[in-house]
Amino acid sequence: DAGITQSPRHKVTETGTPVTLRCHQTENHRYMYWYRQDPGHGLRLIHYSYGVKDTDKGEVSDGYSVSRSKTEDFLLTLESATSSQTSVYFCAISDLDGDNQPQHFGDGTRLSIL
Amino acid sequence: QKEVEQNSGPLSVPEGAIASLNCTYSDRGSQSFFWYRQYSGKSPELIMSIYSNGDKEDGRFTAQLNKASQYVSLLIRDSQPSDSATYLCAVKRSGGYQKVTFGTGTKLQVIP
Chain P
1 DAGITQSPRH KVTETGTPVT LRCHQTENHR YMYWYRQDPG HGLRLIHYSY GVKDTDKGEV
61 SDGYSVSRSK TEDFLLTLES ATSSQTSVYF CAISDLDGDN QPQHFGDGTR LSIL
Chain U
115 QKEVEQNSGP LSVPEGAIAS LNCTYSDRGS QSFFWYRQYS GKSPELIMSI YSNGDKEDGR
175 FTAQLNKASQ YVSLLIRDSQ PSDSATYLCA VKRSGGYQKV TFGTGTKLQV IP
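Written out as structure tokens, the structure is:
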């Protein structure tokens, strides 16, 4: 299994509070991604990173920010959580450049915002 | 039109039968195609990759790609109850930042 650890695995919080999810990898892969998965929508990309301090937006980035200060860590922050951000969040990694590199996923974080 | 389309299912097949899962995509520039299996409450797990037209076999799994028809499929031979899961089709464009687009998945039920 790819060495990807997401924390926390489960979190319940209230609307308006800040939330930070962590993704830690031991594979030294260049690319890291944050997705959310919702029924009927599949996996949607929130933000991705292509190196330390190099990040960019995905298709559903509003309300989210990310940081990558080390190769192994990619943080996703909800500055002021809303109920629409209740979801399952997955971190993924992929190696090198090139078209044939698949993404491998962490175990996910189930986030509930009340 | 969705970028990657899959029938949501459920697709029910008897144990031992062949399960056929289909996926169509809209971006003709797509070069890499992946199948992931996702058990309920778990994360997606890569089971097959295919990059060239034709068939690619790995054990009981065969991926088929037809770029002219923008169609990719996954065949599971000798289906087992343990194959019951949601199967996600993923398509990657050539170049760029490794963006991958996922279908919403097909739920497969293998009936003992």
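Chains as they are written, first to last, in this note's numbering: chain P, 1 to 114; chain U, 115 to 226. Ideal Cβ positions, reconstructed from N, Cα and C, are used throughout, including at glycine. These numbers come from a predicted model, not from an experiment.
Spatial distance of residue i from residue j (CA atoms)
i, j, result
"cysteine 91(P)", "serine 126(U)", "30 Å"
"threonine 15(P)", "valine 88(P)", "17 Å"
"arginine 22(P)", "serine 163(U)", "28 Å"
"threonine 176(U)", "isoleucine 113(P)", "41 Å"
"threonine 82(P)", "serine 134(U)", "39 Å"
"serine 84(P)", "valine 12(P)", "13 Å"
"proline 226(U)", "glycine 130(U)", "9 Å"
"valine 186(U)", "phenylalanine 147(U)", "8 Å"
"asparagine 180(U)", "glycine 168(U)", "7 Å"
"aspartate 56(P)", "tyrosine 33(P)", "10 Å"
"tyrosine 35(P)", "tyrosine 153(U)", "17 Å"
"histidine 10(P)", "glutamine 223(U)", "28 Å"
"proline 18(P)", "glutamate 79(P)", "5 Å"
8 Å Cβ cutoff, residue i in contact with chain U
i, result
"glycine 106(P)", "yes"
"phenylalanine 90(P)", "yes"
"histidine 10(P)", "no"
"leucine 21(P)", "no"
"asparagine 100(P)", "yes"
"histidine 41(P)", "yes"
"glutamine 103(P)", "yes"
Buried or exposed (CB count within 10 angstroms, at least 16 for buried), residue i
i, result
"glutamate 171(U)", "exposed"
"alanine 182(U)", "exposed"
"histidine 104(P)", "buried"
"serine 72(P)", "Position check: residue 72(P) holds glutamate in this sequence, whereas serine was assumed. Per the 10 Å Cβ criterion, buried."
"lysine 53(P)", "exposed"
"serine 117(P)", "Summary: the structure shown does not reach residue 117(P), with chain P confined to residues 1 through 114, and so no result is reported for it."
"threonine 200(U)", "buried"
"lysine 206(U)", "buried"
"glycine 108(P)", "buried"
"proline 8(P)", "exposed"
"proline 158(U)", "buried"
Chain P within 8 Å of residue i, Cβ atoms only
i, result
"glycine 139(U)", "First, the residue type needs correcting, since residue 139(U) is tyrosine and not glycine in the sequence shown. By this cut-off, tyrosine 139(U) is not an interface position."
"leucine 125(U)", "no"
"valine 214(U)", "yes"
"leucine 135(U)", "no"
"tyrosine 165(U)", "yes"
"serine 187(U)", "no"
"leucine 160(U)", "yes"
"phenylalanine 148(U)", "yes"
"threonine 176(U)", "no"
"asparagine 220(U)", "Strictly speaking, residue 220(U) in this sequence is threonine, with asparagine absent from that position. No - not a single Cβ of chain P is within 8 Å of the one on threonine 220(U)."
"glycine 217(U)", "yes"
Segment contact flag, the stretch 40-50 of chain P with the stretch 4-22 of chain P, C-beta cutoff 8 Å, min 3 pairs: No contact exists between the stretch 40-50 of chain P and the stretch 4-22 of chain P.
Touch test, the stretch 216-224 of chain U against the stretch 131-138 of chain U, Cβ-Cβ under 8 Å, three pairs minimum: Inter-segment contact for the stretch 216-224 of chain U and the stretch 131-138 of chain U is present: three or more beta-carbon pairs are separated by less than 8 Å.
Unbroken stretches of the alpha helix (DSSP H), 4 residues or longer, contained in the stretch 162-186 of chain U: Entirely contained in the stretch 162-186 of chain U, not one alpha helix (DSSP H) run reaches 4 residues.
Any beta strand (DSSP E) of 3 or more consecutive residues that is wholly inside the stretch 68-111 of chain P: For the stretch 68-111 of chain P, whole beta strand (DSSP E) runs of length 3 or above, ordered along the chain, are 73-78, 87-94.
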